[in-house]
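Each residue of the sequence shown is one higher than the one before, starting from 507 at the first, in the numbering used here. For each residue, glycine too, the CB sits at the ideal point set by N, CA and C. What you are looking at is a predicted structure, and each value in this text was computed from that prediction instead of being measured.
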Amino acid sequence: MAALELEGLTRRYGERDALAGVSLSLAAGQTLVVLGPNGAGKTTLLRVLATLLRPHAGKASVLGNALPSAAWAVRGRVGLLSHEPLLYRELSAHENLRFYASLHGVGEARVQELLATVGMAARAEEPLRELSRGMVQRVAIARAVLHNPELLLLDEPRANLDPAGAELVESLIGPASGRTRVLCSHDPGLDVEGADLVLGLRAGRQALLAPPAQTEQAEIGRLYR
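Written out as structure tokens, the structure is:
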């Protein structure tokens, strides 16, 4: 069973198409890299897959469930890392993760495990407003994987991370995690070799869809012109 099936997926904002006619299939355990400039529709695609936005046309199936009719069956199986960390700045890292753990029925042991994994155990009780953006990003990644989701939706996941921080979170969001992943980036130089499929968006439209071995750097470059 495919983890993602999109057929003519379309989402509008007023009269503007943020996505128009996106079609692809991604098997469970595979990685889709979505490339394109700012405003190409990458974040809109993630929000549709996360059931935060309803498609206006076309078909979308996530983990075997049609959207939007079966969105309720998807939400607990997806982990979303967006531009906003979806954390409470007045709460500590520990308090934030404990709050989300309570929503997912996850125990304290998992919270402590993730705080240690992302290197935040020593700063876990400090309010997020006192932490660097890189530290907040590490906590946001811990939040996204807290409930062991089957599908990870990652919008610029390594933003604000230094090399040490990126290494700490690699086991959670990298290929070794074993999860199906959709990774969005506006960086045309992103290494796509670890992906199974590359989707290029331009002005909401599908301008490129191919495995990395069949994707020329020149094709990627044309997305940004």
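Problem - Per-residue DSSP class, three states only, for Gly527 - result: strand
Handout entry: Residue ranges of each alpha helix (DSSP H) within the region 590-668, 4 or longer
Key = 599-610, 614-623 and 639-651
Practice task
Would you give the residue range spanned by the beta strand (DSSP E) that Ala566 belongs to?
Solution key: Ala563 to Val568
Practice task
Could you tell me which residues DSSP puts in a beta bridge with Ala706?
Solution key: The question names Ala, but residue 706 is Gly in the sequence shown. Answer by DSSP bridge pairing, in chain order: Leu541 and Leu714.
Problem - Coil, strand or helix - Val580 by DSSP - result: coil
Problem - Cut-off 6 Å between Cβ atoms - residues of its own chain near Val698, not counting five sequence neighbours on either side - result: Val539, Val704 and Pro718
Exercise for the section: Decide if the region 645-661 is in contact with the region 610-625; the criterion is three or more beta carbon pairs, one per stretch, under 8 Å apart. Expected result: yes
Practice task
Enumerate in chain order the residues of its own chain whose CB-to-CB distance from Val554 is below 8 Å, with the five nearest sequence positions on each side excluded.
Solution key: Leu515, Arg517, Leu525, Arg560, Pro561, Ala566 and Leu573
Practice task
For my contact list, Leu696 and Leu530 are in at a C-beta cut-off of 8 Å; report their separation, rounded to the angstrom.
Solution key: About 18 Å; that fails the 8 Å criterion.
Practice task
Report all residues from its chain with a CB closer than 6 Å to the CB of Pro681; omit the five preceding and five following residues, and keep chain order.
Solution key: Gly700
Exercise for the section: Ignore the nearest five residues each way along the sequence and tell me which others in Gly547's own chain have a CB closer than 7 Å to its CB. Expected result: Ala524, Leu525, Leu707 and Gly710
Problem - Buried versus exposed, by CB contacts within 10 Å (16 or more), Glu662 - result: buried
Problem - Glu676 versus Gly564 - alpha carbon distance - result: 34 Å
Exercise for the section: Please name the residue in Ala556, Ser691, Arg635 and Glu722 whose C-alpha comes closest to that of Val584. Expected result: Ala556
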